[in-house]
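**Student:** Start counting the sequence shown at 509; every next residue gets the next number (my numbering).
Every residue gets a Cβ at the ideal spot worked out from N, C-alpha and C, and that includes glycine.
Have a look at the structure that comes next, please.
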Amino acid sequence: MNTITACPLDCYDTCSIIYTDGKLKGLTEGFTHGFLCPHLNHYETFSRIEQPRFKGKIITMDEALTHLSGIMKQNQKILHYRGTGNFALMQEVTDHFFSSIGATLTNGSLCDGAGEAGIIAGRGHNDIMTPQQIAKSEVVVFWGRNPHTTSSHFLPLLKDKKIIVIDPIKTKIAQAADLYVQIKPHGDAEFAMLLSRFLFIEGAVDEEFVLEHASEYEEFYELTQTIRIKAVLDNIGATLGDIGKFLELVKGKKVAILCGVGIQKYLDGADVMRAIDAFGVLFGLFGKEGCGVSYLGSSKRGIDSPFALTCKTKKVSKVDTRFGDFDTVFIQGSNPANQMPNTSRVVEELQKVENIIYFGLYENQTSQMADLIIPAKTFLEKNDIRTSYSTHYMYEMPRQKVSEIGISEYELTKYLCDAFDISLKNEEDYIAHFRSFAAKNEEGILEVKGREQIAYENGFTTDDDEFLFLEELDSDRDESDDLYLLTCKSATSLNSQFKVNDKVYLHPSLGYEENQLVEVSSLSGTVRLHVALDERLRADCVLIYSGTSGINHLTTSKKSYEGNSAVYEQNRVKLTTI
Ligand SMILES: Nc1nc2c(c(=O)[nH]1)N[C@H]1C(S)=C(S)[C@@H](COP(=O)(O)OP(=O)(O)OC[C@H]3O[C@@H](n4cnc5c(=O)[nH]c(N)nc54)[C@H](O)[C@@H]3O)O[C@H]1N2
Ligand SMILES: Nc1nc2c(c(=O)[nH]1)N[C@H]1C(S)=C(S)[C@@H](COP(=O)(O)OP(=O)(O)OC[C@H]3O[C@@H](n4cnc5c(=O)[nH]c(N)nc54)[C@H](O)[C@@H]3O)O[C@H]1N2
Ligand code: SF4
Ligand SMILES: [Mo]
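See the structure below:
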């Protein structure tokens, strides 16, 4: 076998992969540029769960499945909690079984939900700038997004472009930028409002565009007037020079503003996104080649699920799930005991559950709490298909190898459906169903049908087809003197998969020593970690990467005001020497 497949991970890049002689290689043609990142370069060297276990004892897969259906038949309160460890579409097949038996599913987001809610409130729907469009821009703004770590395949697109970076951490892209603003965490909405205000002052608003698509811009102008220029700039760590340089770099140019999840890990994350969008609208960046404000897209837009849930299917939020309300919790492709916010709450809730079933590839904090562990198959060992949050392509993922280890999501569902007399189509039928929402483009690449090549070329889709500006800015900011918690993605892990980091990163001026053990605490809890000194940080920030064991003891399980999303950077933290 030597066909093309795609990386299954939750990542902007969605690399195309050739599997030959037991090696994974990036496709040379196209966006993958012939290289993969460390996760996939070493994919088959990470040790995985090979055998099922029940209450700590190794069992066969047949025994595991018998236990599984036995537990399901006890007709108790069941929760199906599915994460994004594998982003391909056949992961959803399990929903078919669980909704059919009346189990509860989840809604909400641990990831990009607040930002997406802001986009939908303003624009009507969330569309992206594809890599082809980004390639056509002259200036690229990375706003709370770290491409060297989280989307390295976008880097080749940046050649000869001007780069602007707005990030509290002086990331690698910031070091090479034409303008870098080391903004205070959560200062973005105000910075965006000031950029808008100066667009008005300099007469640089795209009048033609706003008259047609955003007629309430004058009310928004009034709102930008309420921001006190000097006091706010001092507070968020930016200068008038930054505003001037920003506008000088973008005026008259094709500009792509690429926002990452970094801007929206706060209660008012939706408003931050909307404030940045407002600047894009005033500047006329939508519906034009090489221009736009782009975030993580809705990867399933235009694709109906074949796993129709019954209208009675109950859902609870992924952010603050009360696991203790259920007798059985089936966890798939996720590590809630480390990745959900407020770990002590999560663990306390999970401890109340009679049967925790973990269906995954790797051992982690959640598998350690599970009663029944069922190993999954890797993407190389099962058939699948996927979409992406950065492109409009659909990627086929045919099986590349046969393995004795694990069971696929489809096979597990088939077993359960048979045991419960629930009808289930063939695997190929479901994959064909997904594929039917795509068609080959001129280059022979499968692309989701009905999506615009240039985002918003047919305008916005709010009720009156106009962009809706933010009407007020939450001034109820926390004025605490405690340090800001930054928790973003690490180069060596994909959230908690692969090689996780175990440090707390601090600016040297805080006076701690390399490798010193410290306690970091917040309103939610504490974690002890060794220090790594890091000049790239602001002195008022503490950085702990996603995936670090215990990081989410520090985070709150409050949900964003809009978008039912986790807010990992809302809590402030204190340091104590031990
Ligand atoms: N290597 C690797 N790649 C990944 C992942 C991974 O774990 N590892 N995870 C994948 C997933 S699930 C996702 S959602 C994407 C996310 O990828 P990104 O969107 O890049 O998100 P983050 O790394 O969380 O944060 C990006 C940047 O936001 C900055 N930031 C934090 N707070 C603020 C703020 O208040 N304002 C501003 N302006 N910036 C801020 C951080 O310093 C960081 O540099 O990456 C995907 N790709
Ligand atoms: N502090 C902090 N917390 C965060 C974040 C942060 O930036 N900071 N980021 C948040 C974000 S953006 C996200 S998306 C979430 C991600 O959080 P999770 O959805 O929990 O994702 P992972 O940590 O990647 O864990 C996924 C698990 O999926 C399993 N898996 C992988 N492939 C397969 C498969 O094919 N089948 C099955 N059945 N299982 C598989 C693996 O065993 C792995 O342990 O974390 C969130 N948590
Ligand atoms: S860069 Fe992203 S899509 Fe590409 S191989 Fe790595 S994790 Fe997969
Ligand atoms: Mo994510």
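Here's the rule: buried if 16 or more other CB atoms are within 10 angstroms of the residue's CB, otherwise exposed. What is Pro516?
**Tutor:** So Pro516 ends up on the buried side.
**Student:** Could you name the residues of the same chain whose beta carbon sits closer than 6 Å to that of Phe562, not counting the 5 residues immediately before and after it, in chain order?
**Tutor:** Counting only Cβ-Cβ distances below 6 Å, and skipping sequence neighbours, we find His575, Leu880.
**Student:** Between the C-alpha atoms of Ser842 and Leu1062, what's the straight-line distance to the nearest angstrom?
**Tutor:** Ser842 and Leu1062: Cα-Cα distance of roughly 19 Å.
**Student:** For Met580, which of His604, Phe595, Gly564, Ile609 has the nearest alpha-carbon?
**Tutor:** Considering only alpha carbons, the answer is Ile609.
**Student:** Would you report the Cα separation of His661 and Pro883, rounded to the nearest angstrom?
**Tutor:** Cα to Cα, His661 sits roughly 31 Å from Pro883.
**Student:** Mind checking who Tyr1013 pairs with in its DSSP beta bridge?
**Tutor:** Answer is Ala1040, Leu1051, bridged to Tyr1013.
**Student:** At 3 residues or longer, and completely inside the stretch 861–898: list those beta strand (DSSP E) runs for me, N to C.
**Tutor:** DSSP runs (the beta strand (DSSP E)) wholly in the stretch 861–898: 863–868, 880–883, 892–894.
**Student:** Would Glu710 be called buried (16 or more neighbouring beta carbons within 10 Å of its own) or exposed?
**Tutor:** So Glu710 ends up on the exposed side.
**Student:** What are the uninterrupted segments assigned as beta strand (DSSP E) that are 3 or more residues long and contained completely in the stretch 787–834, given in chain order?
**Tutor:** Counting whole runs of 3 or more residues, the stretch 787–834 contains the beta strand (DSSP E) stretches 800–802, 823–825.
**Student:** Measuring only from the beta carbon, is Asp620 closer than 7 Å to any heavy atom that is part of ligand 3?
**Tutor:** No, since every heavy atom of ligand 3 falls outside the 7 Å radius drawn around the Cβ of Asp620.
**Student:** What does Thr528 pair with, by DSSP beta-bridge criteria?
**Tutor:** The partner list for Thr528 (beta bridge, DSSP) reads Lys531.
**Student:** Ligand 4 and Val827: does any heavy atom of the ligand fall closer than 7 Å to the residue's C-beta?
**Tutor:** Answer for Val827: no, Cβ out of range of ligand 4.
**Student:** Under the three-state reduction of DSSP, which class applies to Met580: helix, strand or coil?
**Tutor:** It is helical.
**Student:** Report all residues from its chain with a CB closer than 6 Å to the CB of Thr818; omit the five preceding and five following residues, and keep chain order.
**Tutor:** Result list for Thr818: Ser607, in chain order.
**Student:** Find the nearest neighbour of Glu856 within the set Ile839, Met877, Thr658, judged by alpha-carbon distance.
**Tutor:** When only C-alpha atoms are compared, the closest one is Met877.
**Student:** Is the beta carbon of Arg561 within less than 7 Å of some heavy atom of ligand 1?
**Tutor:** Checking the Cβ of Arg561 against ligand 1 gives no.
**Student:** If contact is defined by three or more beta carbon pairs under 8 Å, each pair taking one atom from either stretch, is the stretch 1001–1016 in contact with the stretch 802–821?
**Tutor:** Not touching, per the Cβ criterion.
**Student:** Kindly identify the DSSP beta-bridge partner or partners of Lys1067.
**Tutor:** Paired residue(s): Ala1074.
**Student:** His588 bridges to which residues according to DSSP?
**Tutor:** Paired residues: Phe838.
**Student:** How big is the Cα-Cα spacing for Ser577 and Thr829?
**Tutor:** The straight-line gap from Cα to Cα measures roughly 24 Å.
**Student:** For the beta strand (DSSP E) containing Cys767, list its first residue and its last residue.
**Tutor:** Start and end: 763–767.
**Student:** Which residue wins for smallest C-alpha separation from Arg1036, given the options Thr1085, Glu1077, His1015?
**Tutor:** The shortest C-alpha separation from Arg1036 is found at Thr1085.
**Student:** In the DSSP assignment, find the unbroken alpha helix (DSSP H) run with Phe650 in it and report its ends.
**Tutor:** Note, Phe650: premise wrong, no alpha helix (DSSP H); beta strand (DSSP E) at 647–651.
**Student:** How is the beta strand (DSSP E) around Ile512 delimited, first residue to last?
**Tutor:** Unbroken beta strand (DSSP E) run through Ile512: 512–514.
**Student:** How about Cys767: is its Cβ closer than 7 Å to a heavy atom in ligand 3?
**Tutor:** No - ligand 3 has no heavy atom lying nearer than 7 Å to the Cβ of Cys767.
**Student:** Taking the continuous alpha helix (DSSP H) assigned at Thr851, which residues delimit it?
**Tutor:** Run containing Thr851: 851–859, per the alpha helix (DSSP H) assignment.
**Student:** If you pair each beta-carbon of the stretch 540–550 with each one of the stretch 783–802, do three or more pairs fall below 8 Å?
**Tutor:** Short answer: they don't touch.
**Student:** Does the separation of the CB atoms of Leu978 and Ala786 fall below 8 Å?
**Tutor:** Yes; because the gap between Cβ atoms is below 8 Å, this pair is in contact.
**Student:** For ligand 1, is there any heavy atom lying closer than 7 Å to the beta carbon of Glu727?
**Tutor:** No, the beta carbon of Glu727 sits no closer than 7 Å to any heavy atom of ligand 1.
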